[in-house]
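Take 64 as the starting number for the sequence shown in my numbering and just add one per residue. Note sheet for the following structure.
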Amino acid sequence: MSDSLPKLAATASSRVFDHLRKDLVGGRFIAGEKLAINALKERYDVGLSPLREALNKLAAYGLLIQENQRGFRVPKLSREELEDIVQMRLEMEGMALERAISHGDSLWEADLLAAAHRLKRADISLDKGEPWEHLHTQFHRTLVAPCGSVWLLRFIEQLHDQFDRYRRLGPKMPTIRQELDEQHHQLVELALQRDVRAARELMNDHIHKSYEVALKRYQEHA
64 MSDSLPKLAA TASSRVFDHL RKDLVGGRFI AGEKLAINAL KERYDVGLSP
114 LREALNKLAA YGLLIQENQR GFRVPKLSRE ELEDIVQMRL EMEGMALERA
164 ISHGDSLWEA DLLAAAHRLK RADISLDKGE PWEHLHTQFH RTLVAPCGSV
214 WLLRFIEQLH DQFDRYRRLG PKMPTIRQEL DEQHHQLVEL ALQRDVRAAR
264 ELMNDHIHKS YEVALKRYQE HA
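Quick look at the structure:
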């Protein structure tokens, strides 16, 4: 019985980590907001020990700030940070894409086509099925999956989470989504053609377009 308790605590901590991460990235908490432990325990139906473990992991991940003896706070937003995130995305995702195109096999090609198809069929306005945000994340993960570096993939995922804190400040924009989805289709075509240079150029443009959306939303909420 006692052996099962650590496993249960770890499971609860992982569950809360995932839920809190999603809520922090999705803007459910205000930038700069101090988190109330008791409110979090009730909101996520979890005990103090697994909650604190999840909060510590999120602080190490960069989605929370741990204040000495004063709990946890949501990081503030700034244009300087957004520009830093975008620059790192340009460098790291460009590198990962080049390596993925060089190393990707036929299974990767099939996975990429499937991810692009699911994303294209998704409707951002519907709550049924997998939401567009999740499918969008899955597409970008699949695109660079065979880059050959676990650490590079981890850094990219962390950058995406930080970037989405800005991008998801405002309401969904179907027109922009259509433009981005068209670029997703073009990225797939270039990846399958193994056109590294054109694919990286398009990826840069894709990130810049997303940056324009994120910057506008940040300025509206600043």
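The beta-carbon is built from N, C-alpha and C at its ideal position, and this holds for glycine as well. Here the structure is a predicted model, which is why all the values come from computation and not from measurement.
In this structure, DSSP gives K139 a state outside helix and strand, which the three-state scheme calls coil.
At least 9 Å separates the beta-carbon of E242 from that of K279. When the beta-carbon positions are compared, L175 and L121 stay at least 9 Å from each other. DSSP places E264 outside any beta strand (DSSP E); the residue lies instead in the alpha helix (DSSP H), whose first and last residues are V259 to H284. The Cβ atoms of I270 and L153 sit closer than 9 Å to each other. In the DSSP assignment, K97 forms a beta bridge with R136. Around I148, the same chain offers L222, Q225 and F226 as residues with beta carbons nearer than 7 Å, after the five sequence neighbours per side are excluded.
Restricting attention to K104, R204 and A159, the CA atom closest to the CA of A178 is found in R204. Counting only residues of its own chain and dropping the five nearest sequence neighbours on each side, I93 has a CB closer than 7 Å to the CB of V137. The DSSP-derived three-state label of Q129 is strand. Shown here for G167: same chain residues with a beta carbon closer than 6 Å to its own, the five before and five after excluded, namely P209 in chain order. By the C-beta density criterion, E275 is exposed, having fewer than 16 other C-beta atoms within 10 angstroms.
Membership of D227 in the alpha helix (DSSP H) is indicated by the continuous run V213 to R230.
Contact between L250 and L265 holds, with the beta-carbon distance rounding to 6 Å and staying under 8 Å. Secondary structure of V88 (DSSP, three-state): helix.
The beta carbon of Q201 sits closer than 7 Å to those of A178, all from its chain and outside the five residues before and after it, given in chain order.
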